[in-house]
Amino acid sequence: MRLYVKMVMMNGKNHFFAIAYDWLLVPTEVVDFDLALIVSSCAGLTMGTEKVRIQNPDLSIYHAKLPENETRHELSDVSGCLGLLHPVSDEYAERKAVAFERLVSDAILWRLAKEPFHQSEKTTILLQGPMLPKLRGRLMYRSIPEHITLCALTDQPDWFRRIEAAEQSYKALRESNISGFGAAYPPRALDRGTRSWVHRSPGGFPLHFEVVTNMLDCFCPTRKWLDEIVRDIEQLVSPSLLENASQATNNIPIPLLCASRQAKDAKNRENTFITHLLSLRGVNYNLKQFELITASTDVLQSLRSARLKLETGDELCLEDCVGPEKEEQFYSLFKEAWRLMKHGTTEPSSKGQELILSLETEERPRFTDKDVRNFATELWKSIDGLVEANGRSRVQSYLRKVSLVTFQNGTRRVEQIRQIFVDRQISRSQEDHILYNRFSAKLVIDRIMKATGIPE
60 MRLYVKMVMM NGKNHFFAIA YDWLLVPTEV VDFDLALIVS SCAGLTMGTE
110 KVRIQNPDLS IYHAKLPENE TRHELSDVSG CLGLLHPVSD EYAERKAVAF
160 ERLVSDAILW RLAKEPFHQS EKTTILLQGP MLPKLRGRLM YRSIPEHITL
210 CALTDQPDWF RRIEAAEQSY KALRESNISG FGAAYPPRAL DRGTRSWVHR
260 SPGGFPLHFE VVTNMLDCFC PTRKWLDEIV RDIEQLVSPS LLENASQATN
310 NIPIPLLCAS RQAKDAKNRE NTFITHLLSL RGVNYNLKQF ELITASTDVL
360 QSLRSARLKL ETGDELCLED CVGPEKEEQF YSLFKEAWRL MKHGTTEPSS
410 KGQELILSLE TEERPRFTDK DVRNFATELW KSIDGLVEAN GRSRVQSYLR
460 KVSLVTFQNG TRRVEQIRQI FVDRQISRSQ EDHILYNRFS AKLVIDRIMK
510 ATGIPE
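Its first residue numbered 60, the sequence shown is counted upward by one per residue in this note's numbering.
Spelled out as structure tokens, the structure:
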């Protein structure tokens with residue numbers, strides 16, 4: 060698990076913003092996506108020596124497809140493969156691993172872009188793990204202003220052993236039985252874009268800090284930039300930021316721990332969802348058979364209690380979210396059920412978003428106004444005969460919005476919406492109020508909103 064933190068110094072207050080991420084490789088029979096990337100963030104605030112106060116949790120889930128073996132390798136990284144996903148054994152494995160690392164790097168930047176940075180007040184950016192090489196070009200850190208400090212933090216043993224001079228520095232601290240920070244590496248006089256410190260906690264746990272520096276500082280002895288960086292990183296392991304400062308069993312600030320735990324819980328949720336999704340598909344979406352399979356689980360009880368609220372104000376229950384074209388609604392209901400099961404509350408869940416990405420494409424597919432118009436026309440033709448004359452313009456206007464929102468949500472969503480209209484879910488029933496054998500505009504729009512979840 061890798062973590063990212065932002066700290067802002069402002070009016071005697073220390074503001075923190077932590078981002079943790081974890082991932083889950085899914086079974087091959089899922090088909091829809093190859094992995095789930097969980098990006099978790101958590102804000103914190105300290106005042107003086109007070110314990111940090113946690114604020115504003117947030118969670119984003121990325122369901123991603125890795126490149127197929129036959130796909131042309133058109134995207135490459137000068138930083139190479141860090142081996143974050145798995146050890147590289149061949150060209151195809153490297154392609155998938157590099158694509159995954161590219162997604163992680165981009166997800167960090169997307170989350171980072173949502174947070175404001177003060178123009179002049181002190182800011183410390185802390186990134187845990189080996190992601191600095193992947194972020195080098197994205198952040199253009201050579202031009203980072205002086206009031207912003209960018210630091211990578213590593214405490215995982217596997218990665219710690221790979222870092223230059225980390226083992227030797229920690230060995231010197233351990234043999235001398237010294238807690239705290241060792242000397243900077245490399246020394247100030249050397250021309251280097253980063254400086255590193257190894258920290259040994261009172262409990263004997265190692266932590267590696269690598270801070271980006273301005274190489275010109277090596278030739279400017281008047282500025283005490285090295286002392287400034289040391290003050291920044293020392294503050295990150297102060298007692299006010301540790302979960303149990305008296306025992307000091309770890310060096311990780313509390314906001315990072317909270318973000319990490321939230322990411323771990325989301326990973327467990329994703330894994331459980333995949334199990335239930337495969338069970339649902341295995342019984343061909345027969346709800347009664349599905350309930351027999353999962354009768355003894357707490358998840359089923361929560362699924363029965365959960366309600367999915369649409370923007371229209373309508374609520375969907377489990378029966379409304381079962382079907383081959385309703386798997387996204389089932390996923391949303393499952394998240395609400397998981398929240399009820401874990402927290403036993405009916406309060407609104409924390410903000411978050413779920414994105415479905417292809418790693419060989421952009422975050423959102425490119426489309427033109429013509430694409431939107433053509434798709435809206437296609438949808439209109441499938442229901443043209445159902446709408447009464449007085450409401451045709453209203454329905455056509457609504458379908459243009461449906462088309463635009465659909466394209467914004469990706470190519471997979473386009474096919475799902477198309478299938479809804481192809482299957483004629485917007486159809487007549489004996490209970491419908493029909494005027495001249497056609498529906499009113501309101502009835503048609505309500506039927507489409509229920510099927511698509513897109514408000515008028």
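C-beta atoms are modelled at their ideal positions from N, C-alpha and C, and glycine is treated no differently.
With distances taken Cα to Cα, identify the nearest neighbour of residue i among the options.
i: residue 443; options: 480, 338, 460 and 464; result: 480
i: residue 285; options: 294, 272 and 379; result: 272
i: residue 209; options: 187, 218, 225 and 222; result: 187
i: residue 89; options: 509, 236, 327 and 334; result: 334
i: residue 300; options: 290, 314 and 263; result: 314
i: residue 434; options: 453, 459, 451 and 398; result: 459
i: residue 311; options: 347, 350, 141 and 267; result: 267
i: residue 158; options: 96, 360, 221 and 385; result: 96
i: residue 337; options: 91, 244, 500 and 360; result: 91
i: residue 457; options: 111, 153, 438 and 227; result: 438
i: residue 389; options: 198, 346, 203 and 117; result: 346
i: residue 428; options: 378, 398, 440 and 467; result: 467
i: residue 170; options: 391, 507 and 101; result: 101
i: residue 398; options: 431, 374 and 362; result: 362
i: residue 245; options: 233, 357 and 227; result: 227
i: residue 219; options: 197, 196, 256 and 203; result: 256
How should residue i be labelled, buried or exposed, when 16 other C-beta atoms within 10 angstroms of its C-beta is the threshold for buried?
i: residue 177; result: exposed
i: residue 339; result: buried
i: residue 254; result: buried
i: residue 412; result: For residue 412, the predicted structure reports a pLDDT of 46, less than 50, and the residue's modelled location is therefore unreliable. The matter cannot be settled from this model.
i: residue 79; result: buried
i: residue 106; result: exposed
i: residue 448; result: exposed
i: residue 260; result: buried
i: residue 224; result: exposed
i: residue 329; result: buried
i: residue 258; result: buried
i: residue 287; result: exposed
i: residue 214; result: buried
i: residue 236; result: exposed
i: residue 452; result: exposed
i: residue 341; result: exposed
i: residue 511; result: buried
i: residue 35; result: Absent from the model: residue 35. The displayed extent of the chain is 60 to 515, so no value can be given.
i: residue 77; result: buried
i: residue 374; result: exposed
i: residue 242; result: exposed
i: residue 64; result: Model confidence at residue 64 stands at a pLDDT of 49, short of 50, so the residue's coordinates are unreliable and nothing is read from them.
i: residue 118; result: buried
i: residue 395; result: buried
i: residue 265; result: buried
i: residue 84; result: exposed
i: residue 252; result: exposed
Could you check how far apart the C-beta atoms of residue i and residue j are, in whole angstroms? I think they sit under 8 Å.
i: residue 126; j: residue 155; result: 6 Å
i: residue 211; j: residue 162; result: Actually they are not in contact, since the Cβ atoms of residue 211 and residue 162 sit about 19 Å apart, beyond 8 Å.
i: residue 322; j: residue 165; result: Contact flag wrong, Cβ pair sits at about 17 Å.
i: residue 325; j: residue 179; result: Wrong, their Cβ atoms sit about 36 Å apart, outside the cutoff.
i: residue 366; j: residue 376; result: 6 Å
i: residue 181; j: residue 206; result: 6 Å
i: residue 393; j: residue 349; result: No, residue 393 and residue 349 are not in contact; Cβ-Cβ is about 12 Å, not under 8 Å.
i: residue 514; j: residue 370; result: 4 Å
i: residue 454; j: residue 500; result: 5 Å
i: residue 497; j: residue 446; result: 6 Å
i: residue 151; j: residue 128; result: 5 Å
i: residue 194; j: residue 222; result: Actually they are not in contact, since the Cβ atoms of residue 194 and residue 222 sit about 16 Å apart, beyond 8 Å.
i: residue 269; j: residue 191; result: 6 Å
i: residue 141; j: residue 295; result: Contact flag wrong, Cβ pair sits at about 23 Å.
i: residue 291; j: residue 183; result: 5 Å
Based on DSSP bridge pairs, tell me the residues matched to residue i.
i: residue 334; result: According to DSSP, residue 334 bridges with nothing at all.
i: residue 38; result: For residue 38 there is no data in the structure shown, the boundaries of the chain being 60 and 515.
i: residue 240; result: 258
i: residue 221; result: Per DSSP, none; premise fails for residue 221.
i: residue 114; result: 102
i: residue 498; result: 446
i: residue 295; result: Paired residues: none, contrary to the question.
i: residue 84; result: 94
i: residue 265; result: 259
Query - Segments assigned beta strand (DSSP E), at least 3 residues, entirely inside the region 153 to 193 - result: List check, beta strand (DSSP E) in window: 182 to 187.
Query - Length at least 4, wholly inside the region 318 to 377: the alpha helix (DSSP H) runs in chain order - result: As for any alpha helix (DSSP H) of minimum length 4 sitting wholly inside the region 318 to 377, the runs are 346 to 352 and 357 to 364, ordered along the chain.
Report task. At 4 residues or longer, and completely inside the region 420 to 461: list those alpha helix (DSSP H) runs for me, N to C. Result -> Counting only runs of 4+ residues, the alpha helix (DSSP H) found wholly inside the region 420 to 461 occupies 428 to 442, in chain order.
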